Every structure is written in C-alpha cells, then in structure tokens.
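Asks: Those protein sequences? They're chains Y and E, same order as listed.
With this note's numbering applied, the first sequence covers 268 to 388.
With this note's numbering applied, the second sequence covers 268 to 388.
I'd like to ask you about the structure that follows.
Protein chains: 2
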Amino acid sequence: MRKTKQLKLLLNEFNQKEDAISIVELVNKFSDKMNKTTVYRILDRFEKEGILHWFIDNDGLKRYAKNKKKSNTKEVHPHFLCEDCGTTSCIPINIKLPSIPEYIIKTSEHFLTGQCKKCLS
Amino acid sequence: MRKTKQLKLLLNEFNQKEDAISIVELVNKFSDKMNKTTVYRILDRFEKEGILHWFIDNDGLKRYAKNKKKSNTKEVHPHFLCEDCGTTSCIPINIKLPSIPEYIIKTSEHFLTGQCKKCLS
DNA sequence: CATCTTGTTGCAATTTAGTTGCATTTATAA
DNA sequence: TTATAAATGCAACTAAATTGCAACAAGATG
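As structure tokens, this is what we get:
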C-alpha cells in the first residue's frame, strides 16, 4: 500500500479514536480532502490488510473499527451502540461462539444497544 | 388490518416457510402481484401487529421472520445464515443478554453464519 | 536526479434499498 | 347499496454503495 496523504488522513482518524466509525461519517468529514469513492476504497484495503474490521450496524450502515492485533480473521466481540451519545464501540470481551446442535458456526456478530459507561457515570 | 389480496399473499408466504425473508426477495417474487411500496408497508404493519420481527443481515438487507408468539417486544434469539444453501433462519434458543460491567444492555442482535443442519446431513 | 510503472485517486454516472406524496381503489361497516 | 377510511399504485426522490475510465503521483529503478 502506498502511503498517500488520503490514506494517512484516514489511518490517523482511526488512531485518534477507538470508536467504530461509519463510512458516511468519514465521507462527510473528509469531503473537502478526498472523494467518497476513495474513502470506500481505502477502508476496503485496510480491511484486507487486517488493520480494520467492519460490521453492519442497526441502521444498516457499514462501520469500521481498528483491530487489536493484525489478523485476517474477523474478530469475535460484541459491538455496542449507546442510545444516549450515539457512539458505537467494540466491547473487549471474548464472546464464546454459541454451540448449536447440528450446526457449524463459522462467524458470529453480536450487536448491542443500551447505555455506555460514559453516559452512566 | 383489512384482508386485502396483497396481504394474504404475503402472509401465506411467511406461513409456507419458516425462514427469514428479505424484502428484496419478496418485492421481486411479487413484482407482478403488487407494488414494492405495498410490500414495504404490509411488512411494516405485520411488525407493528407482532406477527413478524425483523433484523439487518450480513449484507445490510432487512429481513423479516415470523414470531413464535404474538408479542410487540423484539424476540431475543440468534439469526443464522447458511453459507451453503443461503437460507437465513431464526435459531430457537434463548440467548441470555450478556452482562457487561458498567453498561446497560437494552437490545441484542446475534447474527451467525456457517452451515445449517440440512446442509450437513 | 530524472523517468517509468503501476497503484491510487477524482469524477461522473449508475445501481439498489428504502421512502414519500398524492390520486385512485377497495374492504368492510352502516 | 353506499359511504368512508384504509390500503394500494405510481412516480419521483433520497441515500448508500459501486463501477469505468482518464488523470495523477508514490516510490522503485537506472
């Protein structure tokens, strides 16, 4: 991957905050810095490189978040949307893949909503 | 709710098969029987009546499935997409809401992929 | 340092899911 | 049978995401 200035801007964004960020949010934030197509493509590359992972949130919007360790396997942890502050974040707990009789489970997405610790304190 | 022929067609569809059906699928299947707007609106009514519930699948598509019992509260059970046969279904097990320290959990969506029992046997 | 190669970007056009307003139709209660 | 409110069809619209192609620029090579 070439270190273009657009790539650096996006990478920096994910290094600044831990939250999961929606593509729409990024496209708007950087609308004067880069084309929306570029945002989509860079995020796509980041995912393939194992830097980010993504999931579909409650609204059907795609969100990206940083991986803890570089890996190409999708991380298995819940994603949480706070109804109060609106931030979506990865919950750093290991969810054990549920075992269902007669099924083979390969991937698991867990999406939660409620109130986060910041908004409760 | 009036028993229109469009409503009966859709209701029949959900009575025929247990699987979760995407709106897109229904719009295509009944494109010569009713307008797509009608599909959206009838499904919306079914949900308000507690006949169906919905969730966003892996692709960001809205899917509807029958409720076991009539209720207006969202059911808490995992949804499963079989990679082989492509069907999405409700897994009839009770998922206990995960408890996360310092968080209040209100809703929980669990989306799984893998292979279903039909495809394994 | 200059130049070449190819990965990357911008732009415009397109696709697709989902929504809205309004005129018309139809289920059903009176 | 008729009135009326609910439901439908249609066309236009919004918004997310994708695609093709020409232009650009990172960084490797000489």
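The beta-carbon is built from N, C-alpha and C at its ideal position, and this holds for glycine as well.
Every value quoted in this text rests on a predicted model; they were computed, and no experiment measured them.
(1) What are the residues of the stretch 363-386 of chain Y that lie near chain E, defined by any Cβ-Cβ distance shorter than 7 Å?
(2) Strictly under 7 Å for the Cβ-Cβ distance: is E/I358 near chain Y by that measure?
(3) State yes or no: is the C-beta of Y/H320 within less than 7 Å of the C-beta of Y/N334?
(4) Helix, strand or coil for Y/L278, going by three-state DSSP, please let me know.
(5) Comparing C-alpha positions only, which one of E/K284, E/F378, E/Q283 and E/K373 sits nearest to E/G327?
(6) Pop quiz: Y/M301 and Y/Q273 are said to be a contact at Cβ under 8 Å. What is the actual Cβ separation, rounded to whole angstroms?
(7) Starting from E/F313, trace the alpha helix (DSSP H) both ways and give me its first and last residue.
(8) Examine the Cβ distances between the stretch 369-385 of chain Y and the stretch 285-294 of chain E and report whether three or more of them are shorter than 8 Å.
(9) When you compare the CB of Y/I290 with every CB in chain E, is at least one pair closer than 7 Å?
(10) With the cut-off set at 7 Å, would you say Y/C352 and Y/C386 are in Cβ contact?
(11) Would you list the residues sitting across from Y/T380 in a DSSP beta bridge?
(12) So which of E/G317, E/I318, E/S375 and E/I290 has the shortest CA-CA distance to E/T305?
(13) E/E314: which of E/F297, E/S298 and E/A332 sits nearest, CA to CA?
(14) Run through DSSP, which three-state label would E/K272 get?
(15) Tell me which same chain residues have a C-beta within less than 6 Å of the C-beta of E/L293, skipping the five on either side of it?
(16) Can the beta-carbon of Y/T355 be found less than 7 Å from the beta-carbon of Y/L364?
(17) Per DSSP, what are the beta-bridge partners of E/I323 in this structure?
(18) With DSSP as the reference, label Y/I367 as helix, strand or coil.
Replies: If we stick to the structure as given:
(1) Cβ contacts with chain E: P365, I367, E369, Y370, I371, I372, K373, T374, S375, E376, H377, F378, L379, T380, G381, Q382, C383 and K384.
(2) For E/I358, the answer is yes, since a Cβ of chain Y falls inside 7 Å of its Cβ.
(3) Against a cut-off of 7 Å, the Cβ pair of Y/N334 and Y/H320 comes out as a contact.
(4) Y/L278 falls in the helix class under three-state DSSP.
(5) For the residues E/K284, E/F378, E/Q283 and E/K373, the minimum Cα distance to E/G327 belongs to E/F378.
(6) Contact flag correct, Cβ pair sits at about 4 Å.
(7) From DSSP, the alpha helix (DSSP H) with E/F313 extends over K303 to E316.
(8) The answer is no - the stretch 285-294 of chain E does not touch the stretch 369-385 of chain Y, with fewer than three Cβ pairs under 8 Å.
(9) Chain E places no beta carbon closer than 7 Å to that of Y/I290, leaving this residue out of the contacts.
(10) Going by C-beta atoms, Y/C352 is nearer than 7 Å to Y/C386.
(11) Bridge partners of Y/T380 according to DSSP: Y/L348 and E/T374.
(12) If we check each option's Cα against that of E/T305, E/I290 comes out closest.
(13) For the residues E/F297, E/S298 and E/A332, the minimum Cα distance to E/E314 belongs to E/A332.
(14) Helix.
(15) Hits under 6 Å: V306.
(16) With respect to the 7 Å criterion, Y/T355 and Y/L364 are not classified as neighbours on the basis of their beta carbons.
(17) E/I323 pairs with E/K329.
(18) Reduced to three states, the DSSP call for Y/I367 is coil.
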